[in-house]
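To keep things clear, I will list the structure first and then write my remarks on it.
Residue numbers (our numbering): 1 to 205.
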């Protein structure tokens, strides 16, 4: 093993726990934008690539390795469903935020989620000894937010997406409309009812 390999192995052994963040923005048409924020020290565990190298050639090789890894990996590591319908995730991308922070991004296409449950399955670092915990914020179409912690041990969150107010009012509106129709029919029926025949005293007049 080369000295560089020894250094990397020792760094991985010391790096046993890490924290990051994830944000999911849910749109009414079923689009979901996902961004995961983590540190560059996490990348050797995630993609077997060291983004901290200084040599330009080695850094370029590491960045290309991360690109290939994230493009194929992110749609596998994150799985979304609306009720029983799986969502389709686009190829992942990544960027450096600063010297120690990286963002991974993708977009999911789901069934319209209003009035249904959105489930997020978290698979990042599932095959790694790294204990990575992400603080997750889910922004819903109505602007509300749901928060959760996801990790290898607690790898699923289910969020109820509220229906828009106009949809919640539909059953009441339908009931009121049906009642109005029924009342109208009763009133019309009474108006059309023939007058009773005249009695003997009325005929004598």
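All residues carry an ideal CB built from backbone N, CA and C; glycine is no exception.
For this session: Measure the CB-CB distance between residue 106 and residue 75 and report whether it falls below 8 Å.
Result: Position 106 of the chain shown holds residue 106. Position 75 of the chain shown holds residue 75. It is a contact, given that the beta carbons lie within the stated cut-off.
Exercise. Can you round the beta-carbon distance between residue 46 and residue 34 to whole angstroms, since I take them to be within the 8 Å contact cut?
Worked result: By one-based count along the chain shown, residue 46 stands at place 46. By one-based count along the chain shown, residue 34 stands at place 34. Not a contact, Cβ separation roughly 15 Å.
For this session: Measure the beta-carbon distance from residue 134 to residue 22 and round it to whole angstroms, keeping in mind my assumption that it falls under 8 Å.
Result: Taking the first residue of the chain shown as position 1, residue 134 is located at position 134. Taking the first residue of the chain shown as position 1, residue 22 is located at position 22. Between residue 134 and residue 22, the beta carbon gap of about 5 Å places them in contact (Cβ cut-off 8 Å).
Problem set entry | DSSP three-state assignment for residue 173, whether helix, strand or coil | Here the question's residue 173 lines up with position 173 in the chain shown. Legend: pLDDT at residue 173 = 49, less than 50; position of this residue unreliable, value from coordinates given subsequently. In the structure shown, residue 173 sits in a helix (DSSP, three-state: H, G or I).
For this session: With a 10 Å radius around its C-beta and 16 neighbouring C-beta atoms as the bar for buried, classify residue 149 as buried or exposed.
Result: Position 149 of the chain shown, counted from the first residue, corresponds to residue 149. Exposed, since its Cβ has fewer than 16 Cβ neighbours within 10 Å.
For this session: Tell whether a beta-carbon distance below 8 Å holds between residue 130 and residue 18.
Result: As a working mapping, residue 130 is identified with position 130 in the chain shown. As a working mapping, residue 18 is identified with position 18 in the chain shown. Yes, these two residues count as a Cβ contact at 8 Å.
Exercise. To the nearest angstrom, how far is it from the Cα of residue 41 to the Cα of residue 125?
Worked result: Here residue 41 refers to the residue found at position 41 of the chain shown. Here residue 125 refers to the residue found at position 125 of the chain shown. Residue 41 and residue 125: Cα-Cα distance of roughly 13 Å.
Exercise. If you run the structure through DSSP and keep just helix, strand and coil, what is residue 168?
Worked result: Within the chain shown, numbered from 1, the residue matching residue 168 stands at position 168. In this prediction, residue 168 has a pLDDT of 48, which is less than 50 and means its spatial position is unreliable; nothing more can be read from the coordinates.
Exercise. What are the boundary residues of the beta strand (DSSP E) that includes residue 20?
Worked result: Locating residue 20 in the chain shown gives position 20, counting from the first residue. Segment 17–26, the beta strand (DSSP E) holding residue 20.
Problem set entry | Residues that residue 104 bridges to, as DSSP identifies them | Against the chain shown, residue 104 aligns to sequence position 104. Answer is 36 and 94.
For this session: Return the bridge partner residues of residue 156 from the DSSP annotation.
Result: The sequence position of residue 156 within the chain shown is 156, counting from 1. According to DSSP, residue 156 bridges with 121.
Exercise. In whole angstroms, what is the alpha-carbon distance linking residue 159 and residue 108?
Worked result: One-based indexing of the chain shown puts residue 159 at position 159. One-based indexing of the chain shown puts residue 108 at position 108. Each residue's Cα considered, the two are about 16 Å apart.
Exercise. If you count every other CB in all the chains shown that lies within 10 Å of the CB of residue 54, and 16 or more means buried, which is it?
Worked result: In the chain shown, counting from the first residue as 1, residue 54 sits at position 54. Residue 54 comes out exposed.
For this session: Give a yes or no on whether the C-beta atoms belonging to residue 71 and residue 92 are separated by under 8 Å.
Result: Working through the chain shown from its first residue, we reach residue 71 at position 71. Working through the chain shown from its first residue, we reach residue 92 at position 92. In contact: residue 71 and residue 92 (Cβ atoms closer than 8 Å).
For this session: Select from 51, 156 and 163 the residue whose C-alpha is nearest the C-alpha of residue 97.
Result: Residue 97 sits at position 97 when you count from the first residue of the chain shown. When only C-alpha atoms are compared, the closest one is 51.
Exercise. CB residue 165 to CB residue 30, shorter than 8 Å?
Worked result: If you number the chain shown from 1, residue 165 lands on position 165. If you number the chain shown from 1, residue 30 lands on position 30. No. Outside cutoff.
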